[in-house]
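Read top to bottom, the protein sequences are chains A and B.
Counting from 1, one number per residue, gives the positions in the first sequence under our numbering.
Counting from 1, one number per residue, gives the positions in the second sequence under our numbering.
This report concerns only the one structure given below.
There are 2 protein chains.
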Amino acid sequence: MIRDGYGRSSTSRSVRVSSAHTTPAATAPLTPATLVGDELQLVERRLAELLRSREERLTDIASYLIGSGGKRVRPAVTLLVFRACGGTNLPDIVDVAVALELIHSASLLHDDIIDGNAVRRGRDSARHKYGVAETLVTGDFLFSRAFQICGRFDERLIHWAAEACIALTEGEIMQGRFRHNPQVTYGDYKEIIARKTASLFEVGARTAAYLARADDAVVDAIARCGKHVGLTFQMVDDLLDVTGAEATLGKPIGVDVREGNPALPIVLALTEDDEVRRLFAQAELSEAEVNAMLVRLRRPSIIEPGHRLAVEHATIAREALHALSDSPYREYLLGLIDQLVERVS
Amino acid sequence: MIRDGYGRSSTSRSVRVSSAHTTPAATAPLTPATLVGDELQLVERRLAELLRSREERLTDIASYLIGSGGKRVRPAVTLLVFRACGGTNLPDIVDVAVALELIHSASLLHDDIIDGNAVRRGRDSARHKYGVAETLVTGDFLFSRAFQICGRFDERLIHWAAEACIALTEGEIMQGRFRHNPQVTYGDYKEIIARKTASLFEVGARTAAYLARADDAVVDAIARCGKHVGLTFQMVDDLLDVTGAEATLGKPIGVDVREGNPALPIVLALTEDDEVRRLFAQAELSEAEVNAMLVRLRRPSIIEPGHRLAVEHATIAREALHALSDSPYREYLLGLIDQLVERVS
């Protein structure tokens with residue numbers, strides 16, 4: 001797990017939402033492209049603008065990552081929430097969506113260094129292609145750009161964004177503490193993914209509602225929704241790393257097992273399977289051991305409760321959305337939450 | 001060169017200004033400890049507060065670097081400029097000084113990864129002690145903390161700080177372009193150090209004058225002063241890497257020669273010494289070649305013009321300070337500028 005957040009590459013192809021890859025149908029079905037397509041285009045344009053640097057290399061490396069078909073899940077969710085809350089002032093929310101995507105991208109670049117990832121989004125990682133030094137600096141560049149954009153917002157908003165950035169770093173360190181550590185509990189796991197994955201979803205949702213001038217109670221409900229969408233997203237990602245097919249996912253499976261990450265199926269299996277405990281504690285696994293562990297993790301006694309936990313969080317996210325009145329945006333967000341959990345079942 | 005800025009470890013022991021290491025004399029000589037000692041203590045206290053994290057490891061690594069006797073040159077200069085401009089509101093300027101020190105520290109941690117430094121400030125670098133992953137994440141943590149503090153300031157100030165952070169990254173990449181590259185000109189060199197070292201000095205000075213409510217023209221003059229102090233500082237550092245004694249500097253010399261960095265003496269020698277050109281272009285140098293190059297770089301025909309260039313920038317910095325009326329703070333800053341260039345002569 002945890003290839004997203006402080007840099008996780010999600011397995012989810014089915015929730016690709018970037019308008020660049022979606023053709024609006026004549027019947028205008030509910031998709032981000034029909035609902036917030038113009039806004040997403042503004043996001044793309046602003047992103048391209050902000051990747052420009054006096055040093056071409058920074059632009060190249062940043063574009064290599066950001067232009068490589070990231071799903072823009074975070075900007076889309078942020079924009080949909082903003083519209084669902086009745087927001088109208090586009091430049092503000094576009095900048096917020098862009099800032100969050102920049103922070104997310106910076107964390108992906110740094111994560112490639114931390115994990116030594118050779119592959120990201122189906123091709124060479126930036127680290128593999130450009131080396132550690134330039135990849136690290138490009139991450140810092142993107143982070144600085146996000147910081148620059150945030151300058152025009154009020155203190156509260158900057159504080160939320162900075163808190164989310166701090167949570168990313170604290171999540172990364174916490175995950176490190178529990179790597180190969182069979183003492184990890186489900187509570188620890190939830191705290192790690194809350195910091196590493198859910199924090200940016202939460203701040204995106206909170207900020208969108210706030211900028212749409214929603215009431216404080218609504219802002220809090222929407223932030224809760226964002227947080228639980230993030231938790232669901234990560235739990236599903238963890239389950240797919242065990243149950244998914246490489247062909248469908250477009251990336252290797254079993255990454256968490258190989259890296260000793262405290263991912264959902266592993267954390268659940270640790271309480272009942274001594275062999276999983278033994279293998280998880282090992283610093284290195286042979287391919288045979290990886291496969292043996294995957295077989296154990298694919299048991300219904302692990303996957304089914306794992307899925308139920310993801311559904312629980314999806315339900316909390318859905319319920320929080322009822323703080324808003326009905327709209328096509330809200331309807332789409334509800335559908336998106338359903339899609340998230342349907343990926344595993 | 002360029003171990004400072006995007007993470008340079010300065011050779012200057014003589015300008016140590018941290019109040020923690022200075023005993024105020026009964027006659028109260030002009031030192032930061034007597035002039036802005038209380039302010040520097042507030043900076044230390046606030047730094048300690050901001051290094052706290054939910055993850056002890058982040059606090060440990062950050063404290064390891066920041067507590068290891070950094071010279072606090074940037075906070076001291078920032079505080080002195082603020083007082084020299086008649087500023088009185090301490091919490092603001094303390095937070096700015098702290099934010100800049102956090103950004104500087106983040107860049108030192110990342111620089112240790114980029115350059116593979118095993119030693120920093122006379123002991124194991126954080127990277128050497130804690131490894132790449134945790135050192136990188138701690139840099140991001142410190143950067144996020146700086147971002148968090150800046151939230152309470154107005155847009156213009158955040159914009160300046162973000163621009164300085166962007167300049168650090170662009171300077172790092174630009175330096176990389178000219179490493180081992182004999183095409184590098186003096187103009188390129190100045191641009192690199194303006195971005196990598198002078199940018200944080202400039203933004204510190206600009207912000208201090210701005211927060212002290214100085215006139216726009218004074219703010220610009222003070223920013224110019226900060227920039228040229230930074231340029232001087234770096235040029236002197238580059239000269240000392242060639243002419244200094246390891247025992248006095250407390251660190252190895254010849255680092256720029258070994259790493260192929262476009263440092264001042266090298267850049268000056270390139271125009272007149274074919275052997276320096278040849279050696280600088282080589283990816284690796286033997287110890288005999290390093291020594292041969294150092295001998296060539298120590299010639300008066302290199303060091304003297306190098307020193308004159310540093311003095312030129314020091315003079316610009318001094319002149320800019322005359323935008324302010326006389327005060328002990330201004331007097332000390334003028335003395336500090338003199339000290340900078342006296343280190344080489």
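Quick reminder that beta carbons are idealized off the backbone N, C-alpha and C, glycines included.
All values derive from a computational prediction rather than experimental measurement.
Original post:
Beta-carbon separation of residue 55/A and residue 191/B under 8 Å?
Top reply: One-based indexing of the first sequence puts residue 55/A at position 55. One-based indexing of the second sequence puts residue 191/B at position 191. Against a cut-off of 8 Å, the Cβ pair of residue 191/B and residue 55/A comes out as no contact.
Original post:
Since residue 148/B meets chain A, which of its residues come closer than 9 Å, beta carbon to beta carbon?
Top reply: Counted from its first residue, the second sequence places residue 148/B at position 148. 158, 159, 161, 162, 163, 165, 166, listed in chain order.
**OP:** Below 9 Å between beta carbons is the criterion; list the residues of the stretch 113-133 of chain B that meet it against any residue of chain A, in chain order.
**Re:** 113, 114, 115, 132, 133
Original post:
Between residue 252/B and the rest of its own chain, which residues show a CB-CB distance below 7 Å, the 5 nearest in sequence each way excluded?
Top reply: In the second sequence, counting from the first residue as 1, residue 252/B sits at position 252. These residues qualify, in order along the chain: 246.
**OP:** Identify every run of the alpha helix (DSSP H) within the stretch 261-315 of chain A, keeping only runs that are complete inside it and at least 4 residues long; order them along the chain.
**Re:** 264-270, 274-281, 287-297
**OP:** Could you spell out the range, first to last residue, of the alpha helix (DSSP H) harbouring residue 85/A?
**Re:** As a position in the first sequence, residue 85/A is number 85, starting the count at 1. Element bounds for residue 85/A: n/a, residue is neither H nor E.
Subject >> Residues near residue 282/B by beta carbon distance below 6 Å, same chain, minus five either side >> reply: Sequence index remark: in the second sequence, residue 282/B carries index 282 (1-based). So the list is empty, once near-sequence residues are dropped.
Subject >> Burial state of residue 154/A, where buried means 16 or more other Cβ atoms lie within 10 Å >> reply: Residue numbering aside, residue 154/A sits at position 154 when the first sequence is read from its first letter. Per the 10 Å Cβ criterion, exposed.
Original post:
Out of curiosity, what's the CA-to-CA distance linking residue 341/B and residue 223/A?
Top reply: Within the second sequence, numbered from 1, the residue matching residue 341/B stands at position 341. Within the first sequence, numbered from 1, the residue matching residue 223/A stands at position 223. Going from the Cα of residue 341/B to the Cα of residue 223/A covers about 55 Å.
Subject >> Interface partners of residue 52/B on chain A, CB under 7 Å >> reply: Here residue 52/B corresponds to residue number 52 of the second sequence, with the count starting at 1. Correct list: empty, because the minimum Cβ distance to chain A is about 11 Å.
Original post:
With a Cβ-Cβ cutoff of 8 Å, do residue 258/A and residue 273/A count as a contact?
Top reply: Position 258 of the first sequence holds residue 258/A. Position 273 of the first sequence holds residue 273/A. The answer is no: Cβ separation not under 8 Å.
Original post:
Whose C-alpha, out of 299/B, 323/B, 266/B, is nearest the C-alpha of residue 216/B?
Top reply: What you label residue 216/B is simply residue 216 of the second sequence in a count that begins at 1. Nearest C-alpha to residue 216/B: 323/B.
Subject >> Sub-8 Å separation of residue 61/B and residue 95/B beta-carbons >> reply: Here the question's residue 61/B lines up with position 61 in the second sequence. Here the question's residue 95/B lines up with position 95 in the second sequence. No, these two residues do not count as a Cβ contact at 8 Å.
Original post:
If you drop the 5 nearest sequence neighbours on each side, which residues of the same chain put their C-beta closer than 6 Å to that of residue 260/B?
Top reply: Numbered from its first residue, the second sequence carries residue 260/B at position 260. Answer for residue 260/B: 179, 180, listed in chain order.
Original post:
Could one say the Cβ of residue 87/A lies closer than 8 Å to chain B's Cβ atoms, at least one of them?
Top reply: For the purposes of this step, residue 87/A is taken as the residue at position 87 of the first sequence. Not closer than 8 Å to any Cβ of chain B, the Cβ of residue 87/A fails to qualify, so no.
**OP:** Select from 306/B, 221/B, 256/B, 204/B the residue whose C-alpha is nearest the C-alpha of residue 232/B.
**Re:** As a first step, residue 232/B must be located in the second sequence, where it is residue number 232. Comparing Cα positions, the closest option is 306/B.
Subject >> Same chain, Cβ closer than 8 Å to residue 116/A, neighbours up to 5 away in sequence not counted >> reply: Counted from its first residue, the first sequence places residue 116/A at position 116. 127, listed in sequence order.
**OP:** Helix, strand or coil for residue 57/A, going by three-state DSSP, please let me know.
**Re:** By 1-based counting over the first sequence, the position of residue 57/A is 57. If DSSP states are grouped into helix, strand and coil, residue 57/A belongs with the helices.
Original post:
Starting from residue 237/A and walking both ways along the alpha helix (DSSP H), at which residues does that stretch end?
Top reply: Position 237 of the first sequence, counting from 1, holds the residue named residue 237/A. From DSSP, the alpha helix (DSSP H) with residue 237/A extends over 216-243.
Subject >> Paired residues, beta bridge with residue 119/A - DSSP >> reply: Mapped onto the first sequence, residue 119/A falls at position 119. In the DSSP output, where bridge partners are listed per residue, residue 119/A has 124/A.
Original post:
What is the rounded straight-line gap between the Cα of residue 314/A and the Cα of residue 344/A?
Top reply: Here residue 314/A corresponds to residue number 314 of the first sequence, with the count starting at 1. Here residue 344/A corresponds to residue number 344 of the first sequence, with the count starting at 1. Cα to Cα, the separation comes out at about 13 Å.
**OP:** Return the CA-CA distance between residue 84/A and residue 143/B, expressed in angstroms with no decimal places.
**Re:** Here the question's residue 84/A lines up with position 84 in the first sequence. Here the question's residue 143/B lines up with position 143 in the second sequence. Their backbone Cα atoms lie some 33 Å apart in a straight line.
Original post:
alpha helix (DSSP H) containing residue 139/B: first to last residue?
Top reply: Walking along the second sequence from the start, residue 139/B turns up at place 139. It spans 132-150 - the alpha helix (DSSP H) in which residue 139/B sits, taken as one unbroken run.
Original post:
On the premise that residue 337/A lies in contact with residue 317/A, defined as a C-beta separation below 8 Å, what is that separation, rounded to the nearest angstrom?
Top reply: For the purposes of this step, residue 317/A is taken as the residue at position 317 of the first sequence. For the purposes of this step, residue 337/A is taken as the residue at position 337 of the first sequence. Residue 317/A to residue 337/A, Cβ: 5 Å. Contact.
Subject >> Same chain only: Cβ atoms within 8 Å of residue 270/A, ignoring 5 sequence neighbours per side >> reply: Taking the first sequence and counting its residues from 1, the one referred to as residue 270/A is at position 270. So the list reads 182, 184, 276, 277, 280, once near-sequence residues are dropped.
Subject >> Reduced DSSP secondary structure (H/G/I, E/B, other) of residue 324/A >> reply: As a working mapping, residue 324/A is identified with position 324 in the first sequence. In this structure, residue 324/A counts as coil in the three-state DSSP scheme.
**OP:** Inspect the beta-carbon positions of residue 97/A and residue 79/A and report whether they are closer than 8 Å.
**Re:** In the first sequence, residue 97/A corresponds to position 97, counting from 1. In the first sequence, residue 79/A corresponds to position 79, counting from 1. Yes, the Cβ-Cβ distance between residue 97/A and residue 79/A is below 8 Å.
Subject >> residue 203/A and residue 209/A closer than 8 Å at C-beta >> reply: Here the question's residue 203/A lines up with position 203 in the first sequence. Here the question's residue 209/A lines up with position 209 in the first sequence. Their beta carbons are not under 8 Å apart, which means residue 203/A does not touch residue 209/A by this criterion.
**OP:** Quick one: using the 10 Å Cβ neighbour count with 16 as the cut-off for buried, is residue 195/A buried or exposed?
**Re:** Sequence index remark: in the first sequence, residue 195/A carries index 195 (1-based). Buried, because 16 or more other Cβ atoms sit within 10 Å of the Cβ of residue 195/A.
Original post:
Can you tell which of 64/B, 249/B, 39/B has the C-alpha that lies nearest to the C-alpha of residue 88/B?
Top reply: The count along the second sequence starts at 1 and reaches residue 88/B at position 88. Checking every option, the nearest Cα to that of residue 88/B belongs to 39/B.
**OP:** Grab me the residues of residue 320/A's own chain with a C-beta within less than 6 Å of its C-beta, minus the 5 sequence neighbours each way, in chain order.
**Re:** For the purposes of this step, residue 320/A is identified with residue 320 of the first sequence, where counting begins at 1. Answer for residue 320/A: 221, 224, 225, listed in chain order.
Original post:
Can you find a CB in chain A that lies within less than 8 Å of the CB of residue 255/B?
Top reply: Here residue 255/B is taken as the residue at index 255 of the second sequence, counted from 1. Answer no: the Cβ-Cβ gap between residue 255/B and chain A never drops below 8 Å.
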